[in-house]
Amino acid sequence: MAISKPQKIRAMLISIRGSATIASGFGVAAGIFAVFFFGEVPRVRKDILQKLPFFDKYLDRTVPPEDSPF
Numbered sequence: 164m165a166i167s168k169p170q171k172i173r174a175m176l177i178s179i180r181g182s183a184t185i186a187s188g189f190g191v192a193a194g195i196f197a198v199f200f201f202g203e204v205p206r207v208r209k210d211i212l213q214k215l216p217f218f219d220k221y222l223d224r225t226v227p228p229e230d231s232p233f
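In my numbering, the protein residues as written are 164 to 233.
Here it is, written out as structure tokens:
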């Protein structure tokens, strides 16, 4: 029995949707890993991480004046 063209297209779209879901999950995980791995680089910390609402105070690395030796 031959498969009609709409059935082939539907099967292809279902396959692509499953693969895209898995790929997007890996992409999000890789992005989060990269941001926190490079989080100690001052440029990444200042330009990316401190603009997020919950990390702005957590990542503030300023030295209080009483702790400064100069």
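The C-beta atom is built at its ideal place from N, Cα and C for all residues, glycine as well.
Excluding the five sequence neighbours on either side, which residues of its own chain have a C-beta within less than 6 Å of the C-beta of residue i, listed in chain order?
| i | result |
| --- | --- |
| Val198 | none |
| Phe218 | Leu212 |
With DSSP as the reference, label residue i as helix, strand or coil.
| i | result |
| --- | --- |
| Ile185 | helix |
| Glu229 | helix |
| Ile179 | helix |
Quick test of your reading: residue i and residue j, contact by CB under 8 Å. State the CB separation rounded to the nearest angstrom.
| i | j | result |
| --- | --- | --- |
| Leu212 | Gly202 | 6 Å |
If the criterion is Cβ atoms closer than 8 Å, does the pair residue i and residue j meet it?
| i | j | result |
| --- | --- | --- |
| Leu222 | Arg208 | yes |
Return the chain-ordered list of same chain residues with a C-beta closer than 7 Å to the C-beta of residue i, the five sequence neighbours on each side being excluded.
| i | result |
| --- | --- |
| Pro227 | none |
Does residue i get closer than 8 Å to chain D when you measure Cβ to Cβ?
| i | result |
| --- | --- |
| Glu203 | Of the protein chains in this structure there is only one, and it is not chain D. |
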